[in-house]
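If you're matching them up, the sequences are chains A and B in order.
Residue numbering for the first sequence follows my numbering, beginning at 1 and increasing consecutively.
Residue numbering for the second sequence follows my numbering, beginning at 1 and increasing consecutively.
There are 2 protein chains.
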Amino acid sequence: MPFGHCLFAEHLASCLALTPGDCKLLEDAASRNVKSLGPRRDLVVEGDPPDSVKVVLEGWVARYKQLRDGRRQILSLLIPGDISDSNVFVLDRMDHSLGSLTPVRYAEIGQAEYEALTSASPRIAKALWWSELVEVSIQREWTTNIGQRNAYERLAHLLCEIFWRAQERGLAYDDSCDCPLTQTDLADATGLTPVHVNRTLQHLRGDGLVELRARRLKIVDPKGLQAAGMFTPGYLHNAAPPIAA
Amino acid sequence: MPFGHCLFAEHLASCLALTPGDCKLLEDAASRNVKSLGPRRDLVVEGDPPDSVKVVLEGWVARYKQLRDGRRQILSLLIPGDISDSNVFVLDRMDHSLGSLTPVRYAEIGQAEYEALTSASPRIAKALWWSELVEVSIQREWTTNIGQRNAYERLAHLLCEIFWRAQERGLAYDDSCDCPLTQTDLADATGLTPVHVNRTLQHLRGDGLVELRARRLKIVDPKGLQAAGMFTPGYLHNAAPPIAA
DNA sequence: CGAAGGATTGATTAGTCTCAACGCAAGTGG
DNA sequence: CCACTTGCGTTGAGACTAATCAATCCTTCG
């Protein structure tokens, strides 16, 4: 069974009332034009004219911007079931890039198809607005994270978010989940240097909060980690259960 | 003439093809429920159930988040003609606050009215999507600004954005525009301390790039400031003329 | 005239970066 | 099957950006 497909529709359905018919439409749209890509490749690069909305079926994707001199900011993470930039067609060109962190499978939904989807069901249109607003909300939280918190707090917060979101998608097992980001990726996501991420991670581990080895994130002390990162999941706007205590 | 009204519709119309009838609808919607507020007051606070979309008619508004311990991150600035969070109704509660920086006049558009607007004209619906996507784009640029640039670059970038946006709305006169942010506000917007903002501003002034006094921003060397902030206006997605050289 | 908010300055410290080297594991080619 | 490469993680020393603390000044306004 193509697990990724269902994830996408299920995830939208879980937070909003979608009918089985709506789900079917979404699943179909996300199965018609599926592509695969190896790790560390670009799906879209800044400046491209936007031609399709992307749905991640398998693997992880990072949204990022690159400055002239090479500095890179990871803006957000897309995990299986996520949809990127609803309705991008409205814009003339992409203002950022999408790159795979792992091998990925993703669906491209073109403009015509996208519009068919939204006009077919007001519930779907609403669900897509919802996912867009959640995305902005997360972006705002990241701005706050980077702007106001120190390295220790920042990483704690980011790891909380990663685990929480993975868990909501059913991608977490017990107290751990995949986390394919290298320390350099974590650095680009938090506005720190890889070296400092390394030391801060050691600090978090030393405090018995998390373990992160071999692309696997293990939450040792959920409450402690949340407190350290001042993580309150409201900004994710979902109805998922809290991190198991 | 209620200048602010026209700004709102004009601004949407300037980037997308709206008919005179569309503009009329927008102007009406933004004139039906108008409120006023003094400076430094909240329009909406985090946790509120969202009940209306806001259109800024006069004055400046800041979107912000506050952490428990008092730290505050300004997430974005709303200037006259801006519309905040299209379609917020989709969410259960606000994940951030809106506060006035100056005395403001703004319109509230309730859910029913908002929906009437979008179903009345597909062009309006598109324009509102557009403004939402531009907002996210700006938010991403801010994340990058705070995450990757140093104090000098960050402030240069922010001041560029402020002037550029003011100019696009016809709110700039020659080489200067209003900038009602205090140095503390600038600090909260850039993730710096007020003290450091002060010194960095002196540095920028010393380099002959900008002057900022008495709530007035004067761009002395546009090219130089853009270069210093690595400011490329593509992310604003508008068709406005470049900063006068 | 006094109060209050904002801007400015100085001295010191803390947090994070930079540079550079080394270790380890997995993958590759001979 | 071993030598080499490559990517990622780790460590140390030192430099520098930005934060902190605290005082003073200026302007506006009641």
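The beta carbon of each residue, even a glycine, is placed where N, CA and C say it ideally should be.
Might you give, ordered along the chain, the residues of its own chain that have their beta carbon closer than 7 Å to the beta carbon of residue i, omitting 5 neighbours on each side?
{"i": "CYS179 (chain B)", "result": "ILE162, LEU212, ARG215, ARG216 and LEU217"}
{"i": "CYS23 (chain A)", "result": "ALA9 and ALA13"}
{"i": "PHE3 (chain A)", "result": "Reliability fails at PHE3 (chain A), whose pLDDT of 43 lies under 50, so the model's placement of it is uncertain and the value that follows must be treated cautiously. Nothing listed; no residue qualifies."}
{"i": "THR200 (chain A)", "result": "ALA151, TYR152 and LEU155"}
{"i": "THR118 (chain B)", "result": "ILE124, ALA125 and LEU128"}
According to DSSP, is residue i part of a helix, a strand, or is it coil?
{"i": "CYS179 (chain B)", "result": "coil"}
{"i": "SER36 (chain A)", "result": "strand"}
{"i": "GLU10 (chain B)", "result": "helix"}
{"i": "SER86 (chain A)", "result": "coil"}
{"i": "GLU58 (chain B)", "result": "strand"}
{"i": "LEU67 (chain B)", "result": "coil"}
{"i": "LEU91 (chain B)", "result": "coil"}
{"i": "ILE146 (chain A)", "result": "helix"}
{"i": "ALA107 (chain A)", "result": "strand"}
{"i": "LEU18 (chain A)", "result": "coil"}
{"i": "PRO2 (chain B)", "result": "Here PRO2 (chain B) scores only 40 on pLDDT, less than 50, and its place in the model should not be relied on; the value that follows carries that caveat. Correct three-state label for PRO2 (chain B): coil."}
{"i": "ALA172 (chain A)", "result": "strand"}
{"i": "ALA245 (chain A)", "result": "Confidence at ALA245 (chain A) is low in this model, with a pLDDT of 34, below 50, so the placement of that residue is unreliable and no value is reported for it."}
{"i": "SER121 (chain A)", "result": "coil"}
{"i": "GLY229 (chain B)", "result": "helix"}
{"i": "GLU135 (chain A)", "result": "helix"}
{"i": "SER31 (chain A)", "result": "helix"}
{"i": "LEU25 (chain A)", "result": "helix"}
{"i": "ILE162 (chain A)", "result": "helix"}
{"i": "ARG199 (chain A)", "result": "helix"}
{"i": "ASP42 (chain B)", "result": "strand"}
{"i": "ARG215 (chain A)", "result": "coil"}
{"i": "GLY99 (chain B)", "result": "strand"}
Is residue i near residue j, with beta carbons less than 8 Å apart?
{"i": "ARG93 (chain A)", "j": "LEU78 (chain A)", "result": "no"}
{"i": "SER86 (chain A)", "j": "VAL61 (chain A)", "result": "no"}
{"i": "LEU91 (chain A)", "j": "LEU133 (chain B)", "result": "yes"}
{"i": "ALA156 (chain A)", "j": "LEU18 (chain A)", "result": "no"}
{"i": "ILE124 (chain B)", "j": "LEU26 (chain B)", "result": "yes"}
{"i": "ILE146 (chain A)", "j": "THR143 (chain B)", "result": "yes"}
{"i": "GLN66 (chain B)", "j": "PHE89 (chain B)", "result": "no"}
{"i": "LEU171 (chain B)", "j": "VAL210 (chain B)", "result": "no"}
{"i": "ARG72 (chain A)", "j": "ASP188 (chain A)", "result": "yes"}
{"i": "PRO80 (chain A)", "j": "GLU58 (chain A)", "result": "yes"}
{"i": "ARG140 (chain B)", "j": "LEU75 (chain A)", "result": "yes"}
{"i": "HIS196 (chain A)", "j": "ALA151 (chain A)", "result": "yes"}
{"i": "SER31 (chain A)", "j": "ALA107 (chain A)", "result": "yes"}
{"i": "TRP164 (chain A)", "j": "LEU225 (chain A)", "result": "no"}
{"i": "ASP95 (chain B)", "j": "VAL56 (chain B)", "result": "no"}
{"i": "HIS11 (chain B)", "j": "ARG169 (chain B)", "result": "yes"}
{"i": "VAL136 (chain A)", "j": "VAL136 (chain B)", "result": "yes"}
Which chain B residues are close to residue i, counting only those with a beta carbon under 9 Å from its beta carbon?
{"i": "LYS54 (chain A)", "result": "Simply none; closest approach about 15 Å."}
Under 8 Å between beta-carbons, which chain A residues line up against residue i? List them in chain order, please.
{"i": "ILE146 (chain B)", "result": "THR143, ILE146, GLY147 and GLY191"}
{"i": "ASP95 (chain B)", "result": "SER137, ARG140, GLU141, GLY234, TYR235 and HIS237"}
{"i": "LEU57 (chain B)", "result": "Simply none; closest approach about 23 Å."}
{"i": "LEU158 (chain B)", "result": "Within 8 Å Cβ-Cβ: nothing; LEU158 (chain B) doesn't reach chain A, min ~12 Å."}
Output needed for residue i: all residues of its chain with C-beta closer than 6 Å, excluding positions within five of it in sequence on either side, in chain order.
{"i": "ILE109 (chain B)", "result": "ALA29, SER52 and VAL53"}
{"i": "ARG45 (chain B)", "result": "In the sequence as presented, Arg is not what sits at residue 45 (chain B); that position holds Val. For VAL45 (chain B), where only same-chain residues beyond five positions count, the Cβ hits under 6 Å are SER97."}
{"i": "ARG154 (chain A)", "result": "ASN145 and THR190"}
{"i": "LEU204 (chain B)", "result": "VAL210"}
{"i": "CYS6 (chain A)", "result": "none"}
{"i": "ALA166 (chain A)", "result": "ALA172 and CYS177"}
{"i": "LEU43 (chain B)", "result": "LEU98"}
{"i": "PRO103 (chain B)", "result": "GLY38, PRO39 and GLY59"}
Using the beta-carbon of each residue, which ones in chain A are nearer than 7 Å to residue i?
{"i": "TRP129 (chain B)", "result": "ASN87 and VAL90"}
{"i": "GLU168 (chain B)", "result": "Within chain A, no residue comes near GLU168 (chain B); the closest Cβ sits about 15 Å away, beyond 7 Å."}
List the residues of chain B that residue i touches, going by C-beta distances under 8 Å, in chain order.
{"i": "GLN73 (chain A)", "result": "THR143, THR144, GLY147 and GLN148"}
{"i": "ARG123 (chain A)", "result": "Residues of chain B passing the Cβ test: none, with the nearest at roughly 11 Å."}
{"i": "GLU113 (chain A)", "result": "In chain order: nothing, as chain B lies at least about 17 Å away."}
Can you pull the chain B neighbours of residue i, defined as C-beta to C-beta under 7 Å?
{"i": "ARG68 (chain A)", "result": "MET230"}
{"i": "GLU161 (chain A)", "result": "Those within 7 Å of GLU161 (chain A) in chain B number zero; the least Cβ separation is about 13 Å."}
{"i": "LYS126 (chain A)", "result": "VAL90"}
What residues from chain A crowd round residue i, counting only those whose CB sits closer than 9 Å?
{"i": "LEU18 (chain B)", "result": "Correct list: empty, because the minimum Cβ distance to chain A is about 13 Å."}
Please list the residues of the segment 210 to 237 of chain B that have a C-beta atom closer than 7 Å to any C-beta atom in chain A, keeping them in chain order. MET230, GLY234, TYR235 and HIS237
For the segment 33 to 44 of chain B, which residues have a beta carbon sitting closer than 9 Å to at least one beta carbon of chain A? none
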